[in-house]
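Enquirer:
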Amino acid sequence: KAGVTQTPRYLIKTRGQQVTLSCSPISGHRSVSWYQQTPGQGLQFLFEYFSETQRNKGNFPGRFSGRQFSNSRSEMNVSTLELGDSALYLCASSLGAMQLFFGEGSRLTVL
Amino acid sequence: GQQVMQIPQYQHVQEGEDFTTYCNSSTTLSNIQWYKQRPGGHPVFLIQLVKSGEVKKQKRLTFQFGEAKKNSSLHITATQTTDVGTYFCAGGDYKLSFGAGTTVTVRA
Chain G
340 KAGVTQTPRY
350 LIKTRGQQVT
360 LSCSPISGHR
370 SVSWYQQTPG
380 QGLQFLFEYF
390 SETQRNKGNF
400 PGRFSGRQFS
410 NSRSEMNVST
420 LELGDSALYL
430 CASSLGAMQL
440 FFGEGSRLTV
450 L
Chain E
10 GQQVMQIPQY
20 QHVQEGEDFT
30 TYCNSSTTLS
40 NIQWYKQRPG
50 GHPVFLIQLV
60 KSGEVKKQKR
70 LTFQFGEAKK
80 NSSLHITATQ
90 TTDVGTYFCA
100 GGDYKLSFGA
110 GTTVTVRA
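Heads up: the protein sequence lines correspond to chains G and E, in order. As numbered in our numbering, residues 340 to 450 make up the first sequence, in order. As numbered in our numbering, residues 10 to 117 make up the second sequence, in order.
This is the structure we're talking about:
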């Protein structure tokens, strides 16, 4: 069974640009969560989607958005990038209120 | 909002020694999960505890959920170099709140 796939794995952007990250969950998993990981803040919850609906949202500004498609694949978008957005963005899928299966992450560097 | 705290932040252990990392929540948790992240890797699920006072073992790792379901601990015996990494606890349901993690280094 294939794991959670995130693309791209690495990317470099400049301030003010926007970025879109993609996540393909494990087959059959309808819940997809996104986390931001930085050395100083640890793993911060961004949002969680289930059957194309955002069920939960963390405390991030509106520049951070996401969506989920009918095949459960998810994307997150960050607009007007800031230096502080440099982080590892992790996607995780699950069957519900159970263990999370994380992808390898997308490492974003903002210059 | 719910906050999950972990101590210590760093644990330097001599190979063969035991250590414990602790997790505390500001609210009662329905369940608690533990994850391990190796350097350069992604978090990998270790275990989930659901019942008050529950104790589960995985080889040299012992996990415990507090009676009040507001704290948890992970005890590792006879630490090995393969135990290197960051251990996270996480509480909640669809919105898991992660602790800051305990980063473990091992002296051979």
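Glycine included, every Cβ here is placed at the ideal spot set by N, Cα and C.
On the DSSP bridge assignment, give the partners of residue 94 (chain E) in chain order.
Expert: Answer by DSSP bridge pairing, in chain order: E:113.
Enquirer: Taking only beta-carbon atoms, is residue 89 (chain E) less than 8 Å away from chain G?
Expert: Closer than 8 Å: no.
Enquirer: Taking residue 55 (chain E) as the reference, which of E:97, E:49, E:110 and E:39 has the closest Cα?
Expert: It is E:97 whose Cα lies nearest to the Cα of residue 55 (chain E).
Enquirer: Alpha carbon to alpha carbon, how far is residue 47 (chain E) from residue 354 (chain G)?
Expert: Answer to the nearest angstrom: the Cα atoms are 30 Å apart.
Enquirer: So, at 6 Å on beta carbons, what are the nonlocal neighbours of residue 65 (chain E) in its own chain, with the 5 sequence-adjacent residues on each side left out?
Expert: Contacts found: 56 and 72.
Enquirer: Check each residue of the segment 100–113 of chain E: if its Cβ is closer than 8 Å to any Cβ of chain G, include it; give the result in chain order.
Expert: Per Cβ criterion, the list reads 102, 103, 104, 105, 106, 107, 108, 109 and 110.
Enquirer: CA-CA distance, residue 418 (chain G) and residue 429 (chain G)?
Expert: Going by the C-alpha atoms only, they are around 18 Å apart.
Enquirer: Please tell me whether residue 416 (chain G) has its Cβ less than 8 Å away from any Cβ of chain E.
Expert: With 8 Å as the cut-off, residue 416 (chain G) does not count as an interface residue toward chain E.
Enquirer: Going by DSSP in three states, residue 38 (chain E) sits in which element: helix, strand or coil?
Expert: Looking at residue 38 (chain E) - three-state DSSP - the assignment turns out to be coil, as it is neither helix nor strand.
Enquirer: With 8 Å as the threshold, decide whether the Cβ of residue 21 (chain E) is near any Cβ in chain G.
Expert: So, not an interface residue.
Enquirer: If we ignore side chains and look at the alpha-carbon of each, how far apart do residue 408 (chain G) and residue 388 (chain G) end up?
Expert: One C-alpha to the other measures close to 10 Å.
Enquirer: Could you say if the segment 25–43 of chain E and the segment 378–393 of chain G meet the contact criterion of at least three C-beta pairs nearer than 8 Å?
Expert: Verdict: no, contact absent.
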